[in-house]
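First up is the structure itself, then whatever we jot down about it.
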Amino acid sequence: MCSSWKKLPPLLRWLLPAAIALLIVWVYVGFALNSMGLLALPVGYWLQYNTTFAIMLVCLGRTMAAHVTLDVAKHVQGDGSIELKYSGEKRFCRKCNVPKPDRTHHCSACGSCIAKMDHHCVVCVFFTSMCVGLALLVFCGMHLVLSMCNLTTLEYCEKRGTIGFVNYYNVGVLSNLHQVFGNWLVACLPIYPSHMTALRQQFPVNVKKFD
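Heads up: the sequence shown is residues 120 to 330, going by our numbering.
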């Protein structure tokens with residue numbers, strides 16, 4: 120949740136999320152527990168619907184509880200940065216007063232640095248306003264195409280027209296998707312890939328593109 124949203128009165132802050140939560144409950148009860156709805160269908164349909172509904176709720180909960188800001192004390196280590204200033208120095212966030220790892224950007228709305236920041240979504244997760252970055256990309260199907268190229272929306276818009284631009288982070292479609300979804304056995308489940316902790320520090324690069 121961004122800092123600007125936290126400034127709102129508690130009642131106003133959670134009024135809309137509560138209304139949408141009640142709407143979800145109403146839709147489920149009205150269809151799944153209706154004798155003319157899901158209960159009238161074979162058991163297989165009931166299991167499929169409830170499984171999908173449960174996954175949606177878990178995804179929603181994990182998205183709302185996601186830690187999107189960058190814990191520099193834990194995640195900024197080593198000196199393998201490839202994104203440097205024109206002077207050759209490492210990037211540094213003047214607002215947070217901390218080093219900025221590769222693919223990290225400062226979000227003025229959240230008031231902090233976001234690992235692999237894609238964009239700040241003002242309608243994200245019940246309109247609670249949150250940054251879509253490394254922690255949330257796995258839940259955002261709309262970014263599937265960019266994930267296949269290992270690009271964020273910021274990188275795509277800022278660098279695609281740059282002469283001589285090379286995407287060093289493109290390590291192949293399968294490897295790119297693995298960075299976002301993790302193990303293929305649980306790719307469709309709302310599980311936060313364990314390897315993302317390491318990605319907050321440094322991203323794999325395609326060494327062939329350096330030639």
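Using N, Cα and C, we set each Cβ at its ideal position, and we do this for glycine too. Only a predicted model underlies this, so the values are computations on that prediction, with no experimental measurement involved.
Status (buried if at least 16 other CB within 10 Å, exposed otherwise) for residue i
i: P220; result: buried
i: F322; result: buried
i: S294; result: exposed
i: Y205; result: exposed
i: L253; result: buried
i: I233; result: buried
i: Q167; result: exposed
i: M155; result: exposed
Through-space distance from residue j to residue i, alpha-carbon basis
i: E277; j: V148; result: 46 Å
i: C212; j: T170; result: 43 Å
i: W133; j: L141; result: 12 Å
i: Y288; j: V264; result: 15 Å
i: T271; j: T223; result: 11 Å
i: F300; j: L273; result: 20 Å
i: V177; j: V162; result: 22 Å
i: Y164; j: C268; result: 36 Å
i: V217; j: V146; result: 46 Å
i: G291; j: K327; result: 12 Å
i: L179; j: A137; result: 13 Å
i: D237; j: C229; result: 13 Å
i: N302; j: L203; result: 31 Å
i: L135; j: F172; result: 21 Å
i: R210; j: T281; result: 20 Å
i: V324; j: F284; result: 15 Å
i: E208; j: A306; result: 38 Å
i: L130; j: Q298; result: 38 Å
i: Y275; j: F150; result: 41 Å
i: H225; j: N286; result: 21 Å
Short Cβ contact (8 Å threshold) for residue i with residue j
i: L160; j: L152; result: no
i: L308; j: I143; result: no
CB-CB length for residue i against residue j, believed under 8 Å
i: H239; j: C250; result: 5 Å
i: S231; j: C215; result: 6 Å
i: S266; j: L304; result: In fact, because the Cβ distance is near 18 Å, the residues do not count as touching under 8 Å.
Identity of the residues DSSP links to residue i by a beta bridge
i: K214; result: Answer is none; K214 lacks a bridge partner.
i: K209; result: L203
i: C178; result: The partner list for C178 (beta bridge, DSSP) is empty, contrary to what the question assumes.
i: A234; result: T223
i: H239; result: C250
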